[in-house]
Amino acid sequence: MSSEKSILTVIYGPYKRSGRHAGQEVMAVFNENGLIDESILDEEYLEVVNHAPGILEEGVVGPFTDLENIQKFSFNLCQKLGNHGASLVSLEDYNELLAASYKVEDLKQKLEEKGSFIKNPEAGKSGLFNKIFN
174 MSSEKSILTV IYGPYKRSGR HAGQEVMAVF NENGLIDESI LDEEYLEVVN HAPGILEEGV
234 VGPFTDLENI QKFSFNLCQK LGNHGASLVS LEDYNELLAA SYKVEDLKQK LEEKGSFIKN
294 PEAGKSGLFN KIFN
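Read in order, the letters of the sequence shown correspond to residues 174 to 307 in this note's numbering.
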């Protein structure tokens, strides 16, 4: 599958600090090639939030103040990686889909279908301008 037709999946959930809700965090970001490198996640977080991410668990990035920042973060990643779009899936939805899936392929498809989809309008464009500058 080419990256221009692939979907970036972003799983997010609540970020808790000292047992209290303190925003959102992104728990996993992957496409057909697997998990996205943490250094790329950190770069995009810095771009959207204007400061380095907090020290969270490995592979987790945040905190984000709200879902809108996660959407911006996901859209930026989608453009940078050339994915067709991004599917944002809450941790709650992810857990439900995981329990209802029998095969990995089923889970991947359900994650892409269930999440809030953000389309990358630049993916797949092959005009003269893109050929010159890409």
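For each residue, glycine too, the CB sits at the ideal point set by N, CA and C.
- In the structure shown, Asn-204 adopts extended strand secondary structure according to DSSP, grouped into three states.
- Val-183 places its beta carbon less than 8 Å from that of Val-199.
- Non-local beta-carbon contacts of Leu-271 in its own chain, meaning distances under 8 Å to residues more than five positions away in sequence, involve Leu-280 in chain order.
- Taken in chain order, the complete beta strand (DSSP E) segments of 3 or more residues contained in the region 203-273 are 234-237, 258-263.
- When only Cα atoms are considered, Asn-293 and Lys-189 end up about 31 Å apart.
- Judged by DSSP secondary structure, Lys-276 falls outside any alpha helix (DSSP H); it is assigned neither H nor E.
- Under the three-state reduction of DSSP, Glu-295 is assigned to coil, being neither helix nor strand.
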